[in-house]
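Per the UniProt record's numbering, residue 1 is the first one in the sequence shown, and the count goes up by one each step. What follows is one structure encoded as structure tokens, with my remarks underneath.
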Amino acid sequence: MFINISFAPVETAFREFVSHYGFIFDAIKGVLLQVFLVPLEDALRGAPPWLILLGVGLIAYHATRHWLPPLFYVLCLYLVGCFGLWDKLMSTTALMLVSTAICVVFGIPIGILISRSNWLRAIALPILDVMQTMPSFVYLIPMIFLWGVGQVSAIFAIVVYAIPPLIRLTDLGIRQVDREVVEAATSFGTTPWQLLLNVQLPLARPSIMAGINQTVMMALAMVVLATLIGARGLGETVNQGIANLEIGTGLQGGVAIVLLAIVIDRITQAYGMDARQRRQRLLKGGSFANFQRTTGEKA
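Here's what the structure looks like:
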């Protein structure tokens, strides 16, 4: 009744591709490890915890312009240290930073490109739908073929899984820029590059930051699975709990990931607010003096 459809030729083609061009992926692996991931992880793990907490607090204050949220975020990370998972937290943070940076470097330009062409968007959206629907375990297989078991395979599995929201929301943000604003800028003789850099991207910033936020959250969701192919970090603790049926160990790792997710989510959301939203939030807080002190811009 059914026609037999096999994906075996795909595997054969993939193996042939890797055998011929594997040296390229080895070079990428070496650069990514030696230039980015290993130095960053060593720096984070070697830095005093108080310095990391202070840095997070300052970044959070810069994002929120309020003193209470940074204290809460610092407390969240301090609790992870109290769990005895500080080094694993730093390993996960390094993995997240490198993965997110790759997503931003490729995701935003692709989103900009898609926003320029309706037919390109029509092609890209179904591909992004498939990428977001595909079970996350599936991404681990080709990455092992390309880079072997290890940190680099985990990074690219995270990138492929987490990049679609950033592409979508970059495209959406640019398309939602008011046409009258674009026409006004064009009438003043702006070039396409000036229009993009000085008008469209600044106005699309809330949408782009929302995309970065979603990308980071999806990357965190992939952290536990990434440990199956060699990633280090908090996911190891969760997998250890599963392997040994240790409820406390698994819960400890899970809570640590949740606390890290809260910190990253709130800070990226705060950076995604435009000036008007930030003013409205501060005014609703009831302190006009604090509002004047923290934002010197005019409404």
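Glycine included, each C-beta is placed from N, C-alpha and C at the ideal position.
Query                                                                                                                                                   : Result
On the three-state DSSP scale, how would you describe T237?                                                                                             : helix
Grab me the residues of L77's own chain with a C-beta within less than 8 Å of its C-beta, minus the 5 sequence neighbours each way, in chain order.     : I52, L53, V56, L89, L259, L260 and V263
To the nearest angstrom, how far is the alpha carbon of W147 from that of P164?                                                                         : 22 Å
Let's test the definition: count the other Cβ atoms within 10 Å of the Cβ of A243 and tell me whether it reaches 16, buried, or not, exposed.           : exposed
What does the alpha-carbon distance come out to for the pair residue 300 and T190?                                                                      : There is no way to answer for residue 300, as the model of the chain reaches only from 1 to 299.
Could you tell me the distance, in whole angstroms, from the CA atom of E183 to the CA atom of I114?                                                    : 20 Å
Taking 7 Å as the cut-off, is the C-beta of T249 nearer than that to any heavy atom in the ligand FAD?                                                  : The ligand FAD is not among the ligands present in this structure, which contains no ligands whatsoever.
In chain order, what residues of the same chain lie with their CB nearer than 6 Å to the CB of L225, ignoring the 5 residues before and after it?       : S136
Helix, strand or coil for W67? Go by DSSP, reduced to three states.                                                                                     : coil
Helix, strand or coil for P135? Go by DSSP, reduced to three states.                                                                                    : coil
So the candidates are V149, G233, L203 and L228; which of them puts its Cα closest to the Cα of L44?                                                    : G233
Quick one, are the C-beta atoms of T64 and A270 less than 8 Å apart?                                                                                    : yes
Reducing DSSP to helix, strand and coil, say where I141 ends up.                                                                                        : helix
Could I get the ranges of all uninterrupted alpha helix (DSSP H) runs contained in the stretch 183-222, with 4 residues as the minimum, in chain order? : 192-195
Determine the direct distance from the alpha carbon of T215 to that of L169, and round the result to whole angstroms.                                   : 10 Å
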